[in-house]
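Notes to accompany the following structure.
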Amino acid sequence: MARPTNGRAAAGAIPRHVAIIMDGNGRWARARHLPRGAGHRAGVKSVRAVVEESIRQGIEVLTLFAFSSENWRRPQSEVDFLMQLFLTALRSEVRKLKEQGGRLRVIGDLAAFPERLRQEIAQAEATTAANDKLILQIAANYGGRWDLTEAARRLAREVAAGRLDPNAIEEASLVPQLATGGLPDPDLFIRTGGEQRLSNFLLWQSAYAELYFTDLKWPDFGAAAFADAIADFGRRHRRFGQTSEQLAGGGDTASEGSGPESPHDPDRI
Ligand code: FPP
Numbered sequence: 399m400a401r402p403t404n405g406r407a408a409a410g411a412i413p414r415h416v417a418i419i420m421d422g423n424g425r426w427a428r429a430r431h432l433p434r435g436a437g438h439r440a441g442v443k444s445v446r447a448v449v450e451e452s453i454r455q456g457i458e459v460l461t462l463f464a465f466s467s468e469n470w471r472r473p474q475s476e477v478d479f480l481m482q483l484f485l486t487a488l489r490s491e492v493r494k495l496k497e498q499g500g501r502l503r504v505i506g507d508l509a510a511f512p513e514r515l516r517q518e519i520a521q522a523e524a525t526t527a528a529n530d531k532l533i534l535q536i537a538a539n540y541g542g543r544w545d546l547t548e549a550a551r552r553l554a555r556e557v558a559a560g561r562l563d564p565n566a567i568e569e570a571s572l573v574p575q576l577a578t579g580g581l582p583d584p585d586l587f588i589r590t591g592g593e594q595r596l597s598n599f600l601l602w603q604s605a606y607a608e609l610y611f612t613d614l615k616w617p618d619f620g621a622a623a624f625a626d627a628i629a630d631f632g633r634r635h636r637r638f639g640q641t642s643e644q645l646a647g648g649g650d651t652a653s654e655g656s657g658p659e660s661p662h663d664p665d666r667i
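FYI, in the numbering used here the residues of the sequence shown are 399 to 667.
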């Protein structure tokens, strides 16, 4: 995919895949004496801004953590609010995404979601399936450990059916079984809201991701802050297990295609 450059990130590489934990909606609302729901609603505007900036910068995959497996522990009223917001945001944002040539994917254990929401998700995925500008991947009722457990279960079924030799299982066997199967791993992992944790998000996939934490609450994280994060990524020195001297001779591995092809290269650090 061509990587358009611009003033803000022209000097560095553009990540192929950016994963974001959108944190701080509740605190953003509290600071304004507003109900938490107002923070989530404001957060949808940031989703739109980040999607548009991703398309503008030529990012291939954007994965947003919308609802974690642990979020069910919130008060029922907030869970209901988030489900409703997700449904309305899905309708309005998917229409825009479609116009912009983007594709929607939703990953996570959707079985626990209301039937109507599941149907709309399936329809939105189907109507955008042929688009290739940006893959907007929403993680809903997702957990990294759930993802790995599911992958292990699928491999175990293959073994039980006699189609897979346990001794032949390697890292590459697991990858297509993950919810993200087939997509590149995140190069850049962003968390807003001041916490510095992975919170069970894309655990396997983020093994070599560059981490970026900001104190900005998600509703305050717009296109400019996102572009800053991408520019910061462009200045990072990804050595992929090589020495600085090797890199000095061979160029910047953070540039497209110059690092090892396999994201599972054990020397990639
Ligand atoms: C974390 O903030 C945010 C969430 C649990 C929900 C995120 C949802 C949206 C931004 C809206 C819908 C999303 C899409 C993709 C259409 P928090 O409530 O944990 O904030 P706090 O830590 O300040 O309490």
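The C-beta atom is built at its ideal place from N, Cα and C for all residues, glycine as well.
These numbers come from a predicted model, not from an experiment.
Judged by beta-carbon spacing, Gln575 lies within the 8 angstroms limit of Leu553, meaning their Cβ atoms are closer than that value. Look at Glu458 here: in three-state DSSP terms it is coil, with no helix or strand label. Taking the Cβ of Asn423 as the reference point, at least one heavy atom of the ligand FPP falls within a distance shorter than 7 angstroms. Here Asn598 is not near Arg551, since their CB atoms are 8 angstroms or more apart. In this structure, the ligand FPP has no non-hydrogen atom nearer than 7 angstroms to the beta-carbon of Gly647. Assigned with DSSP and collapsed to three states, Phe611 falls in strand. The bridge partners DSSP lists for Ala537 are Phe463 and Ile505. Not one heavy atom of the ligand FPP sits closer than 7 angstroms to the Cβ of Glu513.
Straight-line measurement puts the Cα of Arg633 at about 38 angstroms from the Cα of Leu485. A straight-line Cα-Cα distance of about 31 angstroms links Ala522 and Tyr606. With a threshold of 16 other beta carbon atoms within 10 Å, Asn539 meets it and is buried. Here DSSP, grouped into helix, strand and coil, assigns Leu485 to helix. Secondary structure at His635: coil, using DSSP grouped into helix, strand and coil.
Remark: C-beta atoms of Ile418 and Leu462 approach each other more closely than 8 angstroms.
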